[in-house]
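*Asks:* Right, I'll just put the structure down here and ask away after.
Residue numbers (the numbering used here): 1 to 68.
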């Protein structure tokens, strides 16, 4: 992927993790729009839910390995 990519780094990493790197190269606007839509919450949390609650993070050990 070229270094002059318009996509933010986190969207590039998300695409790579989900096997969509080629789709990001071919259709950067569509993949970026889909990622932004998918990252938005579906709705407000139920009444009585603490504001400190967050979704669980997904651990990916491959992110910490050096790239060759």
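Even glycine gets a Cβ: it sits at the ideal position worked out from N, Cα and C.
Less than 8 Å between the CB atoms is what I'm expecting for residue 35 and residue 11, so what's the real figure, rounded?
*Replies:* Looking up residue 35 in the chain shown gives position 35. Looking up residue 11 in the chain shown gives position 11. Residue 35 to residue 11, Cβ: 5 Å. Contact.
*Asks:* Could you say which of 45, 16, 22 lies nearest to residue 60 if we only look at CA atoms?
*Replies:* If you number the chain shown from 1, residue 60 lands on position 60. Residue 16 is the option with its Cα nearest to residue 60.
*Asks:* Please go through the same chain and pick out, in chain order, the residues whose beta-carbon is closer than 6 Å to the beta-carbon of residue 98, but skip the five residues on each side of it.
*Replies:* The structure shown does not extend to residue 98, since the chain is modelled only from 1 to 68, so the question has no answer here.
*Asks:* DSSP three-state label for residue 11, please.
*Replies:* Counting from 1 along the chain shown, the entry for residue 11 is found at position 11. Residue 11: helix per DSSP, three-state reduction.
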